[in-house]
Amino acid sequence: MRRIKKRVLLESQKLLSKVNFLNIGKLTIKEAADALQNKEISVIELTEKFFDRIDNIDDKINAYVSICRKQALADAAEAQALINEGGGGIMTGIPMAVKDNICTETIETTCASKMLGNFKPPYTATAIEKLRNDGAVLLGKANLDEFAMGSSTENSYIKNTRNPWDVNRVPGGSSGGSAAAVASGQALFALGSDTGGSIRQPAAFCGIVGLKPTYGTVSRYGLVAFASSLDQIGPLTKTVEDSAIVLNSISGKDPKDATSIDSGIADYTEGIKRGVKGMKIGIPRQYLSGEIAVGVRNKIEAAIDSYEKMGAVCEETSLDLADYAIAAYYIISSAEASSNLARYDGVKYGFRSSNYKNLLDLYKNTRSEGFGAEVKRRIMLGTYVLSSGYYDAYYKKALQIRTLIKNEFDGLFKKYNCILGPTTPTTAYKIGEKTDNPLEMYLGDVFTVSVNIAGIPAISIPCGNDESGLPVGMQLIGSAFSEKTLFQAAYAYEREHPFAIAPEVQA
Amino acid sequence: MNYEVVIGLEIHVELATKSKIFCGCTTKFGGEINTHCCPICTSMPGTLPVMNERVVEFAAKAGLAMNCEIANFSKMDRKNYFYPDLPKAYQISQFDLPICKGGYVDIEIEGKTKRIGITRIHMEEDAGKLLHDQWEKGSLVDYNRCGVPLIEIVSEPDMRSPEEARAYAEKVRLILQYTGVSDCKMQEGSLRADVNLSLRPIGQKKFGTRTEMKNLNSFRAILRAAESEIQRQSRVLDEGGVITQETRRWDDDEGKSYAMRNKEEAHDYRYFPEPDLVPIELTDETINKYRESLPELSHERVKRYIHKLGIPEYDASLITASVKTADFFDDTVNSGADPKTASNWIMGNLMRLMKEVNTEDIPFGGEMLHELIGLIEKGAISNNIAKTVFAEMFRTGKTPLEIVKEKGLEVVSDAGELGQIVDKIISANSKSVEDYLGGKQKAIGFLMGQVMKETKGKANPPMVNKLLRDKLELLK
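Chains as they are written, first to last, in my numbering: chain H, 384 to 890; chain F, -6 to 469.
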């Protein structure tokens, strides 16, 4: 009896040392899953470790807007039971963060807006449902720009999230909380949403991997709509392989989303290590000229060299319509947003102004008081471009440009396996630096929006740091449903240039 | 001055699908407030609509029954406006690419056939309902009706009188009922019409300025609203005024209409394609499948009843005026009843009973009427008793046999029992007996009547007749 007790004690000490050994700042899903399956650590211990980390550093980063400790520990216990029975898969027991515009039953889903400050949805988004079925553990909800409108997370009604590489800088947006949580080791991965770059741009600013899947790959059911024809949920991870692992879990046709599609791809990690030998990569000259920071250009050019050394064929090409993408994007996305956000009228749920005498007042005051400046700007812009007399000049024209951009990409993908360029023209900027000039902020989306317009997939991966030590993001763009090619190309680069942990949070 | 009236109708009809257009909630009428709705009906953030394929099928079938061209490619659009009964603040409808275009229906007016063009038919969702409770501060919203599937049938401005408008609306209703895509229950608001009306001097080609009268929910209201609007517009024009293009609200109780909003105040609905739904693509094969599955329409049934079943044209047109009576007639005949006997029962007893309680529903199937007719033919009940039984069937839904047994209405055919009654009647009516014996054959009729009276009509008449004659013969 005493001997058994002693052995248990020894075993748990051994486990404890392993737990301490795990550097969760660098830990990947793959590594964590191995450790969990080999019983080197329990799901509860892993979950606790993440909550400790959140307790220690999130007041510096502000990645989370809410934490669900109780539910997470209950889920962790369930996941552990499954592992103990010899069951579970790669996602079992993996702690995650979810952008707070993706609905979670009984947990507030605020969209970082005063308008939904008290909103608890009676349902869970399909993407989260799938992850939870696979055993992932939800730690909490991550900050964002209000209703996912913005590129710096400064439009959050709740708080400013900070970049783990430099807390005086923005983490990017709108999935800034998700990106910062992963980059600072406060979640093994996160879900974000990408309407015009909202996953890829913060991934680039925070030095992690962000994927915008092909439109329709991931169900939008439960994602609070910003621009329905552009929105797509996707993973933010430390590695390319983790990105493929998460996509395996969240993708698939959903009867609740008519626009979701069965891609027919069973395993996105399959063939990921094949390398890029013979792969043809196009580099649009528009992506390396104009208003692009030197530090970014240098790193992208170095990455191109690196690809050539690995055996890929890189070739300069042209994306003539790139210049029109921003205008078309802001017209289409704002038009849809003006309609999607009309339901926040104070009648059914969320915020209602206490200052009204009649129906019109109720609408006006609720929406005036409940929405922030950027959201109002987009609603007004969108209402304007759909109005009779302006529809043809703006909205219709934008749809025509959308078709032309799609066609242009189709043409390029006849020649190239993928297209390479920077994710963003600059690295992370200072908090407050661009808040006075929305147009300048919009221009930061120049490389990302055309991907949403065309409905195609793109991945942003870290490719070194600029002269200030800030991460630079490289974007690989593929044709519809070519995620596996993108993973393959991104993985090859990542193998040569492994993930670097953000200095601010190494402690 | 004498004016020619020009009328076009927009008819909104609720489709008879079991579930709503974009979610699985029931379309059942009534129900406790806010019990037939889900997060999709109330447009909670993050929810998405998914098209009910039956709605597309029903809309296409309605179009086919009205001779429309069915689009291989159509799409849904958003119609944006704020109102508390519209939880998304947009209605999912169809704008530039409706599912059906360019059809017609033929109406009978003053004994002549007139063709009314159909511009288009499109699909859309219904909104909720505001409840204004005088005891509550403010209003409440019931979302039960949100997402109930509707089609809007837009006619050409082809009608030239309120009577034509009414005949057209009635014909549309009949076609939809026969097609089975809507039950068009007026009292539940499942058919509502907007009347577009203008006047022009007789002989003028150009249309006058029109007004639109909204949400008329009975044929009578369509007729009265159109008549009233003709008078109002003529008065304005006669006085040298001009008609304002506007939307008006008809108050059926007062028999008057009121201006709601004019052209300048009209909504800018900012229509744009619904990005949450994929376009609706129907192959020619699917459309043909719908066409082939269309049920027999009223004019086709009239023909069949006359030529195949040999019933008079009058009967045929009366029975087919409602799909319910026509279906009932078919059921009765298909169970084996003689067509003319069945049609007599339907036109007489059934229609009278339906009118008495003002219903379109028949609480039992045609095979029950066949059973009843069978009982008469077998001599188990008399014709008069059968009428009582039929009324009871209509009231309770019970079978004829059940009612006959329960109430003890079966004919008395027991020779012993009837013999005693006959003896009693013979001894109590010596005058009639003498008359008969004296050669007055007619006197037996009186004696028969007495026996029937004594048995409350349940005696088997041929048997009574025979018993009487036999017993009287013995007295000779």
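Glycine included, each C-beta is placed from N, C-alpha and C at the ideal position.
Candidates the options: which alpha carbon is nearest residue i's?
i, options, result
"N445 (chain H)", "H:S833, H:L419 and H:P554", "H:P554"
"M456 (chain F)", "F:S310, F:G372 and F:F321", "F:G372"
"S535 (chain H)", "H:G852, H:S561, H:R515 and H:K513", "H:S561"
"G341 (chain F)", "F:K317, F:F383 and F:V326", "F:F383"
"N422 (chain F)", "F:I437, F:G432 and F:E410", "F:I437"
"P478 (chain H)", "H:A586, H:D625, H:S581 and H:T509", "H:D625"
"N790 (chain H)", "H:A480, H:N526, H:D703 and H:R452", "H:D703"
"F870 (chain H)", "H:G694, H:K595, H:Y812 and H:K639", "H:K595"
"A873 (chain H)", "H:L671, H:D458, H:A459 and H:Y651", "H:Y651"
"N281 (chain F)", "F:E3, F:E364, F:E(-3) and F:A64", "F:A64"
Run through DSSP, which three-state label would residue i get?
i, result
"R388 (chain F)", "helix"
"S737 (chain H)", "coil"
"R228 (chain F)", "helix"
"Q443 (chain F)", "helix"
"T106 (chain F)", "strand"
"F265 (chain F)", "strand"
"L133 (chain F)", "strand"
"C589 (chain H)", "helix"
"M384 (chain H)", "Model confidence at M384 (chain H) stands at a pLDDT of 48, short of 50, so the residue's coordinates are unreliable and nothing is read from them."
"L574 (chain H)", "strand"
"L124 (chain F)", "strand"
"T411 (chain H)", "coil"
"A649 (chain H)", "coil"
"L394 (chain F)", "helix"
"I884 (chain H)", "coil"
"N516 (chain H)", "helix"
"E466 (chain F)", "helix"
"I280 (chain F)", "helix"
"V6 (chain F)", "strand"
"M456 (chain F)", "helix"
"G678 (chain H)", "helix"
"A462 (chain H)", "helix"
What first and last residue would you give for the beta strand (DSSP E) that runs through residue i?
i, result
"Q84 (chain F)", "Y83 to S86"
"M857 (chain H)", "P854 to I860"
"N484 (chain H)", "No beta strand (DSSP E) contains N484 (chain H), which DSSP labels as neither H nor E."
Buried or exposed: where does residue i fall if 16 or more other Cβ atoms within 10 Å of its Cβ makes it buried?
i, result
"L343 (chain F)", "buried"
"Q569 (chain H)", "buried"
"L743 (chain H)", "exposed"
"K105 (chain F)", "exposed"
"F387 (chain F)", "buried"
"H115 (chain F)", "buried"
"E428 (chain H)", "buried"
"S576 (chain H)", "buried"
"L663 (chain H)", "The question names Leu, but residue 663 (chain H) in the sequence shown is Lys. So K663 (chain H) ends up on the exposed side."
"E232 (chain F)", "exposed"
"R583 (chain H)", "buried"
"E181 (chain F)", "exposed"
"M857 (chain H)", "buried"
"M384 (chain H)", "Residue confidence for M384 (chain H) is low, a pLDDT of 48 falling below 50, so the modelled location carries little weight and cannot support an answer."
"F66 (chain F)", "exposed"
"V677 (chain H)", "exposed"
"M(-6) (chain F)", "exposed"
Kindly indicate the opening and closing residues of the alpha helix (DSSP H) around residue i.
i, result
"G56 (chain F)", "E46 to A58"
"A627 (chain H)", "V623 to I633"
"H292 (chain F)", "S291 to H300"
"L769 (chain H)", "A756 to L769"
"Y712 (chain H)", "A705 to N723"
"K867 (chain H)", "E866 to E879"
"D416 (chain F)", "A408 to A421"
"I439 (chain H)", "The question names Ile, but residue 439 (chain H) is Asn in the sequence shown. Start and end: V426 to I444."
"D744 (chain H)", "L742 to G753"
"L613 (chain H)", "Counting along the chain, L613 (chain H) falls outside any alpha helix (DSSP H), and DSSP gives it neither H nor E."
For residue i, is the beta carbon positioned less than 6 Å from some heavy atom of the ligand FMN?
i, result
"D261 (chain F)", "With respect to small molecules bound, the structure shown includes none, and the ligand FMN cannot be examined in it."
Could I get the ranges of all uninterrupted alpha helix (DSSP H) runs contained in the stretch 304 to 389 of chain F, with 4 residues as the minimum, in chain order?
The stretch 304 to 389 of chain F contains, as complete alpha helix (DSSP H) runs of 4+ residues, the segments 306 to 312, 316 to 327, 332 to 338, 344 to 349, 359 to 371 and 376 to 389 (chain order).
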